[in-house]
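The next block holds one structure in the form of structure tokens; read it before the comments.
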Amino acid sequence: MKNLLSIFILQFSLYSQGSNFNLQERIEISSYYKDSYAIVYGDSSYSDLGEFKKSIQKLDREKKKEAKALVDELSSIIPTDFLRPIIYWKVISPNQRNLSQTLAYIMTYKANILRDSYQSPLVSSEEKEKVKKIITKIYHRKDITENNFYDSLINDFRQKSNLISSFSDLKNFILAIKETKPISYSLQEGLKISPYTLSFSGLIPGNQVEIFNKNATDKERIDWYLNQENKDLTEMPKTKHGQGHIAFKTDPIFIKVKEMIVEAKESIFISVRIIDGTLGMTVMKYLLRETEKKLSKNSNFKVFILVQEETQTLEYLKLETNLRVKLRNNVFLVKTFDEERENNSKLIVIDANTEEPQALVGSKNWSDHSGGYFFDNDIWIKGPAAALLQSNFYSDFETALLKSSQYLNNSKNILDTFKIRRDSYPLLGDEVVRLAESSLDGKIKNTRNIVIDMIRNAKSHIYMEQLYLYDSYIINALIKRKLEVPKLDIRILADHNSNVGLNGLPNTIYLRELNLYNIEVKARKTTSSAKNLPNGELQIYHQENHRNTLSIDGKTLLTGSASLSPNSQEGNTREIGVQIFDKKSIRNFENNFLLTWNDRNKVMDLDIQNFRATIDNSSLSKEISSLINAIASSLIKAKDELKKKF
């Protein structure tokens with residue numbers, strides 16, 4: 001048997017990264033993940049344990065013995081989520097091609113564990129030396145670097161998996177797996193690294209990052225947006241004190257948006273859920289004006305806009321681009337066509353195919369009453385990770401274009417200009433970035449895994465600002481970590497959910513449990529303002545704590561568009577966020593968090609003992625309100641179980 005496997009012996013070593021990062025390799029491995037998804041995860045017959053057991057029960061006696069042998073022999077070296085598809089394609093529904101692809105995928109997944117550990121800023125240099133020795137022992141290659149981990153190994157993995165899957169004899173099949181180190185290796189005890197990978201694209205080095213943590217949120221700002229006289233004030237101010245829209249004079253996020261539009265040389269990509277009102281109109285008018293200037297210098301300059309909701313502002317944009325020939329061939333506005341998932345992302349990327357790509361990603365909508373005065377966090381990135389953000393929207397943009405009658409005949413040319421064509425990018429900074437997202441096709445949904453990984457590794461403190469706080473998996477992770485580390489300081493600033501109109505629901509659902517384990521939850525004191533509509537009705541505008549930010553131990557921070565609701569975490573909406581490790585940015589967020597937490601003028605306690613839900617402006621009793629929370633908690637957990645199956 002060992003002679004049969006002698007072709008697997010390789011020579012390996014790692015050397016430090018050069019001045020460029022091979023981003024194309026990370027794009028390729030992300031595509032590989034998506035291509036493998038259906039075979040490894042895509043059918044409940046093997047992805048769900050309950051359904052898998054039913055499939056086993058339907059087998060005849062001999063087949064059941066084969067399945068049992070695979071479990072007995074391989075369960076100690078292959079995680080159960082991967083062992084099930086092996087058994088499925090080997091015994092239950094034999095398919096050598098799918099079996100081979102499953103085996104190659106497992107080898108790639110395990111290689112990513114080592115790759116991520118070696119690159120992680122949270123892993124000590126001593127642990128990284130241990131990881132290097134493991135890599136050398138497993139792969140025995142001298143030509144592998146951090147820049148070509150996947151490219152160097154994938155062909156070898158495919159050779160191995162093709163050979164292993166060809167063995168019809170079950171004993172030889174099991175022996176081949178055991179003797180193939182890339183699939184059978186186990187991390188040694190005492191090694192302080194995570195035994196899983198959180199993203200196939202991995203950690204992207206060479207970036208500059210900055211968090212935007214402040215914007216105007218007082219009642220005067222809300223009233224500014226309600227003032228009819230400001231409706232026509234949709235001009236971009238030329239100076240800080242000049243005439244123009246107030247947000248672009250005082251709000252750092254919108255000032256950065258303006259700067260990025262000005263600095264763009266080759267392209268701009270925008271995917272923001274809501275672009276509307278004076279804010280949206282100001283950006284779009286300015287974008288068109290600047291695009292015309294840029295086209296006079298670069299006729300190939302392109303603007304790509306992916307939208308979820310067709311608003312009055314976007315109708316204006318569509319009309320203007322159709323009227324102006326220059327813009328018509330260079331500005332592409334397409335709507336997300338997905339009936340099951342809404343595009344909730346908030347992102348702008350410029351110059352993705354140049355040496356200096358930039359991105360701004362977070363929770364901020366470009367809309368008066370859904371962003372103009374909300375509490376939000378955005379992160380600015382300059383470096384390879386910005387280009388990867390655009391790349392990860394390629395399939396979204398492709399799907400939208402192919403369903404758009406306006407661009408159908410020209411879709412290939414448009415996609416060629418949107419696609420990331422560069423192989424490598426200069427390292428522009430010292431920061432690594434990991435992307436957290438839920439894709440429209442439902443194949444990528446790693447935000448929850450990243451959140452839980454961050455929680456389970458917390459040692460000192462966890463600070464959170466959240467719009468919603470009722471994902472049962474994350475609630476359980478918080479409680480579990482608190483039990484493991486009783487002195488862990490967990491503080492959560494949640495939104496009071498005034499826009500929902502239920503006096504705190506749904507964020508009250510798990511509040512009693514969190515309080516029971518001494519996990520502190522408060523709410524920001526938000527502001528509301530009223531306006532009489534033309535039809536005589538009184539419209540109330542509520543402010544939101546719209547942030548979706550988690551910070552751990554001053555070492556790592558995650559923020560983006562995804563809230564801690566089951567809808568966002570399970571991939572029912574298109575979400576995008578980033579995990580960063582920049583201590584300066586994290587310190588900025590945590591200092592502001594603590595200042596707010598200790599300011600009784602800015603926060604309030606959430607008194608779950610006396611909680612009374614409100615429905616149609618009528619308060620329910622404490623007993624009924626408590627029952628509502630309990631029932632809602634049970635329903636969410638029951639839904640989670642169904643989601644696992646289907």
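Going by the working numbering, the final residue of the sequence shown carries number 646, and the count climbs one at a time with no gaps.
Don't be surprised by glycine CBs; every beta carbon is placed ideally from N, CA and C.
| Check | Outcome |
| --- | --- |
| Endpoints, the beta strand (DSSP E) within which Tyr463 is located | 461–466 |
| Start and end residues, beta strand (DSSP E) containing Leu648 | Because the chain in this structure spans residues 1 to 646, residue 648 falls outside the shown range and cannot be described. |
| Residues near Leu24 in its chain [Cβ-Cβ closer than 6 Å; skip 5 each side] | Looking at the sequence itself, residue 24 is Gln, so the reference to Leu does not match. Once the five neighbours on either side are set aside, the close Cβ partners of Gln24 are Asp423. |
| 7 Å CB neighbourhood of Arg587 in its chain, flanking five on each side removed | Gly554 |
| Residue range of the unbroken alpha helix (DSSP H) whose run includes Gln208 | Not the alpha helix (DSSP H): Gln208 falls in the beta strand (DSSP E), residues 204–212. |
| Three or more C-beta pairs below 8 Å linking the segment 526–540 and the segment 343–355 | no |
| Close-in-space but distant-in-sequence residues of the same chain around Asn567 (CB under 7 Å, 5 per side omitted) | Thr573 |
| Ala176 (DSSP reduced to helix, strand or coil) | helix |
| Best match in Leu103, Asn548, Gly372 for proximity to Ile683 [C-alpha to C-alpha] | Outside the shown range of the chain (1 to 646) lies residue 683, about which nothing can therefore be said. |
| Range of the contiguous alpha helix (DSSP H) that encloses Trp597 | 583–597 |
| Proximity to Leu114 [Cα-Cα], best of Leu191, Ser30, Asn592, Val521 | Leu191 |
| Validate contact between the segment 93–109 and the segment 148–167 using beta carbons, cut 8 Å, 3 pairs | yes |
| Identity of the residues DSSP links to Trp224 by a beta bridge | Partner(s): none; Trp224 has no beta bridge. |
| Distance, Gln569 Cα to Asp471 Cα | 8 Å |
| Beta-carbon contacts of Asp599 that lie in its chain and below 7 Å, excluding the five residues immediately before and after | none |
| Length at least 4, wholly inside the segment 39–72: the alpha helix (DSSP H) runs in chain order | 44–47, 49–57 |
| Rounded Cβ spacing between Ile204 and Val123 (contact assumed at less than 8 Å) | Contact flag wrong, Cβ pair sits at about 16 Å. |
| Residue range of the beta strand (DSSP E) that includes Thr549 | 548–552 |
| With 16 other Cβ atoms within 10 Å as the buried cut-off, status of Met604 | exposed |
| Coil, strand or helix - Gly372 by DSSP | coil |
| Buried versus exposed, by CB contacts within 10 Å (16 or more), Pro182 | buried |
| Cα-Cα separation, Lys58 to Ser93 | 12 Å |
| Which listed residue (Lys219, Lys258, Glu220, Asn227) has its alpha carbon closest to that of Pro237 | Lys258 |
| Alpha carbon of Tyr517 to alpha carbon of Ser460, nearest angstrom | 16 Å |
| C-beta atoms of Asn207 and Gly429 nearer than 7 Å | yes |
| CB contact flag (Ile519, Lys482, <7 Å) | yes |
| Segment contact, 8 Å Cβ cut-off, at least three pairs: the segment 119–136 with the segment 64–77 | no |
| Burial state of Pro506, where buried means 16 or more other Cβ atoms lie within 10 Å | buried |
| Through-space distance from His369 to His542, alpha-carbon basis | 8 Å |
| Beta carbon of Ile348 nearer than 7 Å to that of Leu360 | yes |
| Coarse secondary structure for Gln579, derived from DSSP in three states | strand |
| Alpha carbon of Ser47 to alpha carbon of Ser165, nearest angstrom | 20 Å |
| Whole-angstrom distance between Asp81 and Phe12, CA atom to CA atom | Residue placement at Phe12 is flagged as unreliable, the pLDDT there being 36, under the threshold of 50; the coordinate-derived value follows with that caveat. Distance between the alpha carbons of Phe12 and Asp81: 29 Å. |
| 8 Å contact criterion, which Ile580 and Ala458 should meet: CB distance rounded | With a Cβ gap of about 16 Å, Ile580 and Ala458 do not count as contacting. |
| N-terminal and C-terminal residue of the beta strand (DSSP E) that Asn322 is part of | Careful: Asn322 lies outside any beta strand (DSSP E), inside the alpha helix (DSSP H) at 312–323. |
| Gly571 and Ala436 closer than 7 Å at C-beta | no |
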